[in-house]
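Participant: Got a structure for you, written out below as structure tokens; questions coming shortly.
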């Protein structure tokens, strides 16, 4: 084929617009500042209102503001949106006395720094019946699997064999609740791949082994949590401006991040943007 004949095709290829950029999703995994009674890994309250913690929050938010996110999403359910709208409006005017929660201390602060008019609710209800899984494990001699899942320290023979093959595993509780370090250092630590892998391993290498025969107590537990995260993703999907949004931030409990990344990994509209380099940048 002559170069003359190739010319139009080459020109067409050169002028053809590239694929539109995906919407970046920055998943900010957080510990619950006031602790949690519902999470598997219970935390204790960290007083975020001290002058030092307020300074560290400002430092953290300064890093996260580099996302230039068009929207900030939070771990509040959709029916909380009217409350969020009213309190965030007051917060922007300096008229809302924020409690200790990461929603107010971190997400509201970030949205205000970005000068965004609204904060968006993304959480969804789930049926995480840990008690049923726990009861099955106790009735069928699988308590040690459950203990290993929570501590990420295998207590049963199969768990030890897995550990021998894959090597040392991180404990989600240790990564989340480890004292010491600045707030920024804690957020870097709990948003690493190691922290996400620790959460996934607890569900996929431990909980998934609870059950037997046609009983899938542990797998069902993991499945219900995955379903909740698909719903959270759906709430985000329904509220983005597909035509204009370039980046969004979701501030959410760290245990959700690995599941949400798994959902977003194969997606033509969204891409996961790693938050750690932003937090580490000088």
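Residue numbers (my numbering): -2 to 279.
Backbone N, C-alpha and C define an ideal beta-carbon position, used for all residues, glycine too.
Bear in mind the structure is a predicted one, so any value in this text is a computation, not a measurement.
(1) If I measure Cβ to Cβ from residue 189 and keep anything under 7 angstroms in the same chain, skipping five residues before and after, which residues do I get?
(2) Considering only residues of the region 99 to 175, which uninterrupted alpha helix (DSSP H) runs meet the minimum length of 4 residues and lie entirely inside it, listed in chain order?
(3) Measure the beta-carbon distance from residue 246 to residue 61 and round it to whole angstroms, keeping in mind my assumption that it falls under 8 angstroms.
(4) Name the DSSP bridge partner or partners of residue 209?
(5) With three or more beta-carbon pairs closer than 8 angstroms as the criterion, would you say the region 216 to 235 touches the region 111 to 126?
(6) Closer than 7 angstroms by C-beta to residue 242: which residues in its own chain qualify, once you throw out the five before and the five after it? Chain order, please.
(7) Considering Cα atoms alone, identify which of 198, 99, 114 is closest to residue 27.
(8) Roughly how many angstroms separate the alpha carbons of residue 180 and residue 46, rounded to a whole number?
(9) Keeping to the same chain, check which residues put their C-beta closer than 8 angstroms to that of residue 74; ignore five residues upstream and five downstream.
(10) Report the CB separation of residue 54 from residue 103 in whole angstroms; it is logged as a contact under 8 angstroms.
(11) In terms of DSSP beta bridges, what is residue 268 paired with?
(12) Grab me the residues of residue 255's own chain with a C-beta within less than 6 angstroms of its C-beta, minus the 5 sequence neighbours each way, in chain order.
(13) Between the C-alpha atoms of residue 79 and residue 88, what's the straight-line distance to the nearest angstrom?
(14) Evaluate residue 203 with the Cβ neighbour count: other Cβ atoms within 10 Å of its Cβ, from every protein chain shown; 16 or more gives buried, anything less gives exposed.
(15) So the candidates are 129, 90, 153, 96; which of them puts its Cα closest to the Cα of residue 112?
(16) For residue 178, does the three-state DSSP call read helix, strand or coil?
(17) How should residue 129 be labelled, buried or exposed, when 16 other C-beta atoms within 10 angstroms of its C-beta is the threshold for buried?
(18) Do the region 153 to 163 and the region 211 to 223 meet, that is, are 3 or more Cβ pairs less than 8 angstroms apart?
(19) What does a CB cutoff of less than 7 angstroms around residue 95 pick up in its chain, not counting 5 residues either side in sequence?
(20) Can residue 58 and residue 107 be called in contact, C-beta distance under 8 angstroms?
(21) Tell me whether residue 81 is buried or exposed, calling it buried when 16 or more other Cβ atoms sit within 10 Å of its Cβ.
(22) The alpha helix (DSSP H) with residue 62 in it runs from where to where?
(23) Given this structure, state the Cα-to-Cα distance separating residue 136 from residue 230, to the nearest angstrom.
(24) For chain B, is any of its Cβ atoms less than 8 angstroms away from the one on residue 74?
(25) Give me the DSSP bridge partner(s) of residue 245.
(26) Which residue's Cα is closest to the Cα of residue 240: 184, 217, 266, 133?
Facilitator: This is what the structure gives:
(1) 273
(2) 106 to 110, 127 to 136, 140 to 148, 154 to 163, 169 to 174
(3) 7 angstroms
(4) 212
(5) yes
(6) 20, 67, 68
(7) 99
(8) 13 angstroms
(9) 118, 120, 121, 122
(10) 7 angstroms
(11) 21
(12) 193, 196, 197
(13) 14 angstroms
(14) buried
(15) 90
(16) coil
(17) exposed
(18) no
(19) 88, 101, 102, 105
(20) yes
(21) buried
(22) Looking at the DSSP string, residue 62 is not in any alpha helix (DSSP H), and its letter there is neither H nor E.
(23) 35 angstroms
(24) Checking the listed chains, one finds no chain B in this structure; it contains a single protein chain.
(25) 22, 68
(26) 266
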